[in-house]
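Structure, as C-alpha cells:
Protein chains: 2
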Amino acid sequence: MSSTTNGLNIGQAATASGLPAKTIRYYEDIGLIAPQRDSNGYRSFSEAEIHRLAFLNRARGLGFSIEDCRALVSLYDDASRASEDVKRLAAEHLDRIDARIAELQEMRATVAGLVESCAGDGRPDCPILDDLAAGPLCRHAPRRRN
Amino acid sequence: MSSTTNGLNIGQAATASGLPAKTIRYYEDIGLIAPQRDSNGYRSFSEAEIHRLAFLNRARGLGFSIEDCRALVSLYDDASRASEDVKRLAAEHLDRIDARIAELQEMRATVAGLVESCAGDGRPDCPILDDLAAGPLCRHAPRRRN
DNA sequence: ATGATGCTTCCAGCTAGTGGAAGGTCAAGG
DNA sequence: CCTTGACCTTCCACTAGCTGGAAGCATCAT
Chain A
5 MSSTTNGLNI
15 GQAATASGLP
25 AKTIRYYEDI
35 GLIAPQRDSN
45 GYRSFSEAEI
55 HRLAFLNRAR
65 GLGFSIEDCR
75 ALVSLYDDAS
85 RASEDVKRLA
95 AEHLDRIDAR
105 IAELQEMRAT
115 VAGLVESCAG
125 DGRPDCPILD
135 DLAAGPLCRH
145 APRRRN
Chain B
5 MSSTTNGLNI
15 GQAATASGLP
25 AKTIRYYEDI
35 GLIAPQRDSN
45 GYRSFSEAEI
55 HRLAFLNRAR
65 GLGFSIEDCR
75 ALVSLYDDAS
85 RASEDVKRLA
95 AEHLDRIDAR
105 IAELQEMRAT
115 VAGLVESCAG
125 DGRPDCPILD
135 DLAAGPLCRH
145 APRRRN
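So the protein lines, in turn, are chains A and B. Mapping to the numbering used here: the first sequence position 45 is 49, numbers consecutive. Mapping to the numbering used here: the second sequence position 142 is 146, numbers consecutive.
Next comes the structure, spelled out in C-alpha cells:
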C-alpha cells in the first residue's frame with residue numbers, strides 16, 4: 005500500500021458494500037459519492053462512505069431510482085430533515101410499484117389466457133398468433149421505462 | 005401524392021396501426037418491417053404491412069421484447085410453423101412476467117412497511133432512513149433490465 | 001525479473017425508443 | 001407565381017443504470 009492508509013480501496017469497498025466496483029465508479033461519476041484518493045491515485049473509502057454505498061445498494065434494491073437515491077442520501081446527510089419528505093418519496097415510489105404491478109398483472113392475465121388456448125403441437129394453427137393479428141389496433145400508451 | 009399511389013404514407017400507417025411514426029421508422033431500422041418507397045422517397049405501407057405493425061403494437065403491449073417480436077412475426081409469416089414454437093415463446097414470457105411480479109411484490113411489501121412505520125412529520129427521526137442505513141450489506145443481484 | 005492481480009481511465013453497447021434540427025415535398029390560398 | 005403550413009426525409013443525441021473490454025500503471029509474491 006501507498007502513503008495514506010486508513011481507507012479501503014475499491015475492491016474492498018465493493019466486498020464491504022455489496023456493490024460491484026464498476027458500479028461504485030459509476031456512482032462517483034454521477035456524483036453520488038466522492039471518495040478521497042491515495043497518493044497512487046487509488047480511491048480510498050472511509051467507513052462513512054462504505055455505509056453510504058450500502059445505503060445506496062439497499063435503496064436501489066428496493067427499486068428507488070438513482071434520482072430518488074440522490075434525494076434519499078441527501079436527506080440522510082441532513083440532520084435537520086423532516087421525516088415527512090422521506091415518507092413522501094417512499095410513498096410515491098410505492099404508488100409507482102403498485103401501478104407497475106397492476107400493469108404486469110393485466111399482461112399476465114392476457115398472456116396466460118393465450119398460452120392456455122394454444123394446442124402447442126406440430127400444427128400451424130395458433131390462437132396466440134390469431135389474437136396478436138386481430139388485436140385492437142388502438143392503444144398507444146408509451147411502453148414502460150420500468 | 006406522387007406516382008405510385010396504392011399504399012399509405014407513414015402518418016396514415018401510424019394512425020392505422022396505433023404506433024407513432026417515429027417508432028415505425030425505428031422498426032424499419034432494426035429490420036422488423038421493410039416498406040416500399042414512392043418515387044418521392046416517402047415510405048408506402050401495404051395493407052399487410054399495416055397489419056404487421058398492428059401485430060407488433062399488440063405484442064409489445066403484452067410486454068414481448070423486440071427480439072420476441074422478431075420471432076413472433078417470423079412465425080406469423082411462416083405458414084408451416086408449429087404452434088408449439090409460438091406457445092413456448094409465450095410461456096417463457098409468462099414466466100418472466102411472473103418472476104417480475106414476484107420481485108415487485110416483495111419490494112412492495114418492504115416499502116409499504118417502511119412507509120407505514122414513518123411518522124411523516126416535521127421531525128428528523130425516520131425509520132425509513134434507519135432501515136436503508138442498517139439494511140443488509142449483502143445482496144448484489146443485478147438490477148432489472150425491465 | 002517476472003507474472004498475476006488490482007487499480008486507473010476511457011469508449012462502446014445494452015432496451016426501446018423519443019426529441020429535435022436541417023432540408024425536401026405537396027396541396028391550397030392569395 | 002409564391003408563400004405558408006403540414007407533411008415527409010435523414011441523422012444525431014439523449015434517456016436509465018449500468019456492464020464489458022482495452023490500454024496502461026501499481027503492487028505483491030516468487
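Glycine included, C-beta positions come from ideal geometry on N, C-alpha and C.
- [ ] Assign Ser50 (chain B) to one of three DSSP states: helix, strand, or coil.
- [x] coil
Open item on the list: Counting only Cβ-Cβ distances shorter than 9 Å, please list the residues of the stretch 97-112 of chain A near chain B, keeping chain order.
Closed with: His97, Leu98, Ile101, Asp102, Arg104, Ile105, Glu107, Leu108, Gln109, Met111, Arg112
- [ ] Using 10 angstroms around the beta-carbon of Asn10 (chain A), count the other beta-carbons present and answer buried if the total reaches 16, otherwise exposed.
- [x] exposed
TODO: Quick one: grab the DSSP three-state call for Leu133 (chain A).
DONE: helix
- [ ] Quick one: using the 10 Å Cβ neighbour count with 16 as the cut-off for buried, is Ile34 (chain A) buried or exposed?
- [x] exposed
TODO: Figure out for me which residue from B:Tyr30, B:Lys91, B:Gln40, B:Ile28 has the closest Cα to the Cα of Leu136 (chain A).
DONE: B:Lys91
Open item on the list: Leu60 (chain B) and Tyr80 (chain B) - do their beta-carbons sit closer together than 8 Å?
Closed with: no
Task: Where the alpha helix (DSSP H) containing Asp72 (chain B) begins and where it ends - done: 70-81
Task: Sequence-distant residues of its chain with Cβ nearer than 7 Å to Ser21 (chain B) (five each side left out) - done: Ile54, Leu57, Ala58, Asn61
- [ ] Please go through the same chain and pick out, in chain order, the residues whose beta-carbon is closer than 7 Å to the beta-carbon of Ala17 (chain A), but skip the five residues on each side of it.
- [x] Ile28, Phe49, Ile54, Leu57
Open item on the list: As a quick exercise: from A:Leu12, A:Gly15, A:Pro24, A:Thr19, pick the residue whose alpha carbon is nearest that of Pro146 (chain B).
Closed with: A:Pro24
- [ ] Select from the stretch 124-135 of chain B all residues with a C-beta closer than 7 Å to any C-beta belonging to chain A, and list them in chain order.
- [x] Gly124, Asp125, Gly126, Arg127, Pro128, Asp129, Cys130, Ile132, Leu133
Task: Exposed unless 16 or more other CB atoms sit within 10 angstroms - verdict on Gly67 (chain A) - done: buried
Open item on the list: Considering only DSSP beta bridges, list what Gln40 (chain B) is partnered with.
Closed with: B:Ser48
- [ ] Under 7 Å Cβ to Cβ from Arg41 (chain B), same chain only, skipping five residues before and after it: list those, please.
- [x] Arg47, Ser48
Task: Beta carbon of Ala83 (chain B) nearer than 8 Å to that of Pro131 (chain A) - done: no
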